[in-house]
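Residue 22 is where the sequence shown starts when you use our numbering, and the numbers rise one by one after that. Note that the Cβ used here is the ideal one computed from N, Cα and C, for glycine as well. The structure appears below as structure tokens.
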Amino acid sequence: MQHFGLMAPRPIHWLLSEELEVKKAVEAFAAGSGKSIVDVAGPPSAEEIIARRVNPRKPIELPTVRLHLNKVKHHLTGEQGIEVKCSDAHMDLIIQWARQTQARKMLAASVTPAH
């Protein structure tokens, strides 16, 4: 596996740590075999889930964020790196997903019986 620096905001770091396929897409781009745009589908909203229960034939529209990958070089060391960025609206979605995931983990931990 090729080593590379990653330049991205913390929410994108979180996304890469949570979604193995997204991390693999970034690694493939760093190795020269991946695409410079990665679309990531997130969880459905509560409204979408409720609408699906009312009408099971209705498709669920998943929120999607688009990550843009660029190869960059460190201006002092010359080392290769990958810059990962997205729009502000997509960043807000990633932050929302992170908070939902954290809340689910905390809820699961609070209802798990102690041994």
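Residues near residue i by beta carbon distance below 7 angstroms, same chain, minus five either side
| i | result |
| --- | --- |
| Arg73 | Lys79 and Ile81 |
| Glu39 | Thr122 |
| His89 | Ser57, Ile58, Lys106 and Cys107 |
Outcome for residue i when other beta-carbon atoms lying within 10 angstroms are tallied against a minimum of 16
| i | result |
| --- | --- |
| Pro77 | exposed |
| Val75 | exposed |
| Ala29 | buried |
| Val132 | exposed |
| Leu37 | buried |
| Ala46 | buried |
Nearest residue (CA-CA) to residue i, options the options
| i | options | result |
| --- | --- | --- |
| Thr85 | Ala49, Met28, Glu39 and His111 | His111 |
| His24 | Ala62, Gln117, Ala51 and Leu83 | Ala51 |
| Ser108 | Ala49, Ile58 and Ala129 | Ile58 |
| Gly26 | Ala129, Glu100 and Gly63 | Glu100 |
| Asn91 | Ala67, Glu42, Glu48 and Trp35 | Glu48 |
Proximal residues to residue i (C-beta, below 8 angstroms), its chain only, five neighbours per side dropped
| i | result |
| --- | --- |
| Pro32 | Met112, Ile115, Ile116 and Ala119 |
Contacts around residue i, its chain only, beta-carbon distance under 6 angstroms, and the 5 residues preceding and following it disregarded
| i | result |
| --- | --- |
| Val93 | Gly102 and Glu104 |
| request: Output the residue ranges of the beta strand (DSSP E) runs that lie fully inside the region 81-127 and measure 3 residues or longer, sorted by chain position. | output: Restricting attention to beta strand (DSSP E) runs no shorter than 3 residues, the region 81-127 encloses them at 85-94 and 101-106, ordered along the chain.
| task | Taking only runs that begin and end inside the region 30-66, name each unbroken beta strand (DSSP E) of 3 or more residues, in chain order. | result | Listed in chain order, they are 58-62.
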